[in-house]
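Numbers 1 to 711, taken from the UniProt record's numbering, label the letters of the sequence shown in order. No residue lacks a Cβ here, since even glycine has one placed at the ideal position from N, Cα and C. No experiment lies behind these values; they were computed from the predicted model shown. As structure tokens, the structure follows; a few thoughts come after it.
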Amino acid sequence: MWALVHARQVFDKMPDRDVAVWNAMLSGLSQSSDCAQAVEFFCSMQLLGGVEPNTVSLLNLFPSIHKLSSVRLCKCVHGYVTRRNFPNTVVNGLIDVYLKCKRTDIAYQVFELMQEPDDVSWGTLMAGFALNGCHYEVLELFDQIKNNNLNVNMVSVVSALSAAGETKDLVKGKMIHECVKKNKFDSDIRVSTPLITMYAKCGELKKAHDLFNSLSGKDMVAWSAVIAALTQSGYHEEAISLFCDMQRAGFKPSMVTVVGVLPAFAELCFKKLGKSVHCYSIRHDIVYDISVETSLVAMYAKFDDFTSAMIVFDRMFYKEVVAWNVLINRYAQIGEANLAIKMFCELQLTEVLTDPGTIVGVVSASAHLANLNLGTSIHGLVMKRGFESDCHVNNALIDMYSKSRSLSSAELLFGLTKNQDQVLWNVMIGAYMRNRYAQESINTFHQMKFEGFRPSLVTYVSTLPAVSYLAAIKEGTSLHAGIYRMGYISHTIVLNGLIDMYSKCGRVDLSEAVFRELKDKDDVSWNVMLAGYALNGRVDCAFGFFSHMQDNLVDVDPVSFLSLLSACRHAGLVKEGKHVFNLIKERHNIEPKLEHYACMVDLLGRAGLYDETLRLIESMQMEPDGGVWGGLLGACQMHGNVKLAELALDNLVRLEPRNQAHYVVLSSIYAQSGRWADARSLRLKMIESGVKKTPGWSWVNEKQDLSMLEG
Numbered sequence: 001m002w003a004l005v006h007a008r009q010v011f012d013k014m015p016d017r018d019v020a021v022w023n024a025m026l027s028g029l030s031q032s033s034d035c036a037q038a039v040e041f042f043c044s045m046q047l048l049g050g051v052e053p054n055t056v057s058l059l060n061l062f063p064s065i066h067k068l069s070s071v072r073l074c075k076c077v078h079g080y081v082t083r084r085n086f087p088n089t090v091v092n093g094l095i096d097v098y099l100k101c102k103r104t105d106i107a108y109q110v111f112e113l114m115q116e117p118d119d120v121s122w123g124t125l126m127a128g129f130a131l132n133g134c135h136y137e138v139l140e141l142f143d144q145i146k147n148n149n150l151n152v153n154m155v156s157v158v159s160a161l162s163a164a165g166e167t168k169d170l171v172k173g174k175m176i177h178e179c180v181k182k183n184k185f186d187s188d189i190r191v192s193t194p195l196i197t198m199y200a201k202c203g204e205l206k207k208a209h210d211l212f213n214s215l216s217g218k219d220m221v222a223w224s225a226v227i228a229a230l231t232q233s234g235y236h237e238e239a240i241s242l243f244c245d246m247q248r249a250g251f252k253p254s255m256v257t258v259v260g261v262l263p264a265f266a267e268l269c270f271k272k273l274g275k276s277v278h279c280y281s282i283r284h285d286i287v288y289d290i291s292v293e294t295s296l297v298a299m300y301a302k303f304d305d306f307t308s309a310m311i312v313f314d315r316m317f318y319k320e321v322v323a324w325n326v327l328i329n330r331y332a333q334i335g336e337a338n339l340a341i342k343m344f345c346e347l348q349l350t351e352v353l354t355d356p357g358t359i360v361g362v363v364s365a366s367a368h369l370a371n372l373n374l375g376t377s378i379h380g381l382v383m384k385r386g387f388e389s390d391c392h393v394n395n396a397l398i399d400m401y402s403k404s405r406s407l408s409s410a411e412l413l414f415g416l417t418k419n420q421d422q423v424l425w426n427v428m429i430g431a432y433m434r435n436r437y438a439q440e441s442i443n444t445f446h447q448m449k450f451e452g453f454r455p456s457l458v459t460y461v462s463t464l465p466a467v468s469y470l471a472a473i474k475e476g477t478s479l480h481a482g483i484y485r486m487g488y489i490s491h492t493i494v495l496n497g498l499i500d501m502y503s504k505c506g507r508v509d510l511s512e513a514v515f516r517e518l519k520d521k522d523d524v525s526w527n528v529m530l531a532g533y534a535l536n537g538r539v540d541c542a543f544g545f546f547s548h549m550q551d552n553l554v555d556v557d558p559v560s561f562l563s564l565l566s567a568c569r570h571a572g573l574v575k576e577g578k579h580v581f582n583l584i585k586e587r588h589n590i591e592p593k594l595e596h597y598a599c600m601v602d603l604l605g606r607a608g609l610y611d612e613t614l615r616l617i618e619s620m621q622m623e624p625d626g627g628v629w630g631g632l633l634g635a636c637q638m639h640g641n642v643k644l645a646e647l648a649l650d651n652l653v654r655l656e657p658r659n660q661a662h663y664v665v666l667s668s669i670y671a672q673s674g675r676w677a678d679a680r681s682l683r684l685k686m687i688e689s690g691v692k693k694t695p696g697w698s699w700v701n702e703k704q705d706l707s708m709l710e711g
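This is how it looks when you write it as structure tokens:
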């Protein structure tokens, strides 16, 4: 810094200053932290010094414009360059600075207007497009170079390899590899490293491994690049293995290596290894690099070790938005919505600008809370910041509105989206089902196919619950056929959905057939099949299947016992139900949940065992919810027990004041007992409270068409 000040003092005292002297001073200012001073100096060069800037002047100025990220300055210099006859070197620099300011559109226009773009021009444009994530455009530019028989340089090849890896286009990657060999670039470590990375990202691990082993003189860059590529492609164990090989080969991990391997530890939950690398970073003084700090925050957050994550985060000298996003998104993912929103509010008080990644996290938190006011406020911020065109933000907003019971807003956003992708259709299918619009969910599935979108695994998993809800067996068998055609029949998650669907359609035989075909059964598979037996009143099968689960060492959980209790409830098997309920805690050391108590209350109440039912409610360690009192109210309706029904309703009104069904049940009990005055009084109380009776409805399946009847 002092050297620059001294240089400026010497410069100011010089009587005669030619363009070379001005350029030397401009170069020093451009390399300093005060980029605005460099721009001001460039203007003074012309206005005060009367010196015409040359090629070197402009090349020295471009780094300052990039650091300032000023498109306005770019355009000013662009006009200056256009009015004068500068060589390709300057135009290439102008293209580069536009690209670094994220204006790929203007950069391409400048390139198109060049009379004779050279190989540097092509390379600069391709590298900039790759930097901005325009990978398909990079591959198109590479095709143009080849089709026009133009010379390729290393920058073009490296950019094309990077694009092929990011798009996982192995065919294109192999074509570029042939070009590399033809131009004899494969012996250069600067090309061979991205070549190996491309194969790794395309899933060709053997090819990547063979090329890596054939490298002579592997340097730290090569090791780090391949480790990072394996991590980014989801090959976490391979990345960690290579990380260990690198150290055995005598290389000490660099900052880039650490950033590349930490996500692998996070994904595999290798806490000890992650912490040891953290200690290594401290010992070798690379822990204070912002990329390392951000990666450490992400790793600890993935471990759900927020104490360690916040220690690293709080010590960061400068917190980039990525570090904030990591914490906000992780809090949202694990259901800590209030903490996610708290972090977002803290971020708003800083000078760090939010990006689409921030918005996705806080919108997800808002959806978890079903907080429509918060969600709409964030939507306003999205509009203000111009993020509404981001597909991830748009999908998150639609999901948030559907979870906040504002389906009309979700539909509106969906309709306004220009570039609807497969993910968006899946979100909308799930949104309808979440709000119990099952037929609309199925209709959206068919509309998606009509629009030319190929249903994904997620599409089928999202649509099956709608079919189950309507018990639409013909629609279900059609989905089953589609799942088979699309090659998803080996995926456990979708087969679990099929088992559930067939059970709810009353076709336990088909559920059993799917269950038998399922090779990789998980706990959900067993529980869904058990629930199917219970739902269809197959009590003997349910108990036999439960024994089969234990024989196969399946971990029985609260869901398993709930299915058994439901089977007992449907069949009125009080003795067996008591036995199952006692098993939950005594033999399996599982604390009964509210659902278990609700099931037992319903079972005992329907059997007329009211004293035992009340004792069970009084023995509960948690406060009875609407399910428990609702079970008692339903049992009272069966036996006409007015006194207990009134007790149940008092508690239900306190817990669920807007639920009209409870009033209707008690009114029916009054009517059964001939207490018409009480029935009328209760109806008046409903009206005074603003509670309205929801009309009943039924689905009628006639010739494959579903119709809804209200009543």
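With residue i and residue j assumed to form a contact (beta carbons below 8 Å), what rounded beta-carbon distance in angstroms separates them?
i, j, result
"C74", "Y108", "With 8 Å as the limit, C74 and Y108 do not qualify as a contact, their Cβ atoms being about 14 Å apart."
"H66", "C101", "7 Å"
"S121", "F111", "6 Å"
"L644", "L652", "Wrong, their Cβ atoms sit about 12 Å apart, outside the cutoff."
"E166", "H135", "5 Å"
"L604", "V574", "7 Å"
"N395", "V427", "5 Å"
"N23", "S57", "5 Å"
Check each candidate in the options and name the one with the smallest Cα separation from residue i.
i, options, result
"T350", "L633, H135, V321", "V321"
"L347", "S364, G335, Y318", "Y318"
"S233", "M600, M220, L205", "L205"
"E451", "G476, A466, Y469, D421", "D421"
"G630", "L59, M622, V664", "V664"
"V261", "D520, A225, E612", "A225"
"G203", "L170, V628, N153", "L170"
"V71", "R103, G50, L407", "R103"
"L268", "S389, S159, Y235", "Y235"
"I584", "H596, K575, V574, L573", "H596"
"P253", "K275, G274, N325, M220", "M220"
"M600", "H284, L564, N85", "L564"
May I have the straight-line CA-CA distance separating residue i from residue j, to the nearest angstrom?
i, j, result
"V423", "Q247", "41 Å"
"P455", "S441", "14 Å"
"N536", "G506", "7 Å"
"T82", "K146", "29 Å"
"H209", "C179", "20 Å"
"L684", "S468", "38 Å"
"V157", "P63", "24 Å"
"L59", "D186", "31 Å"
"P624", "K271", "40 Å"
"E238", "Q447", "42 Å"
"H588", "F561", "10 Å"
"E710", "A323", "In this predicted model, E710 has a pLDDT of only 47, less than 50, meaning its place in the structure is not dependable; the value taken from the coordinates is given anyway. When rounded, the distance between both Cα atoms is 53 Å."
"N88", "D118", "8 Å"
"S503", "L530", "10 Å"
"L94", "L327", "38 Å"
"residue 717", "K384", "Absent from the structure is residue 717, since the part of the chain shown begins at 1 and ends at 711."
Hey, residue i and residue j: beta-carbon distance below 8 Å or not?
i, j, result
"L464", "G497", "yes"
"M255", "I286", "yes"
"I227", "L215", "no"
"L655", "G674", "no"
"P263", "T294", "no"
"V494", "V524", "no"
"I398", "A431", "yes"
"L510", "T492", "no"
"K207", "A266", "no"
"I489", "F515", "no"
"L195", "H177", "yes"
"I359", "F387", "yes"
"L139", "K172", "yes"
"Q672", "G634", "no"
"M198", "A164", "yes"
"L369", "S406", "no"
"K201", "K168", "yes"
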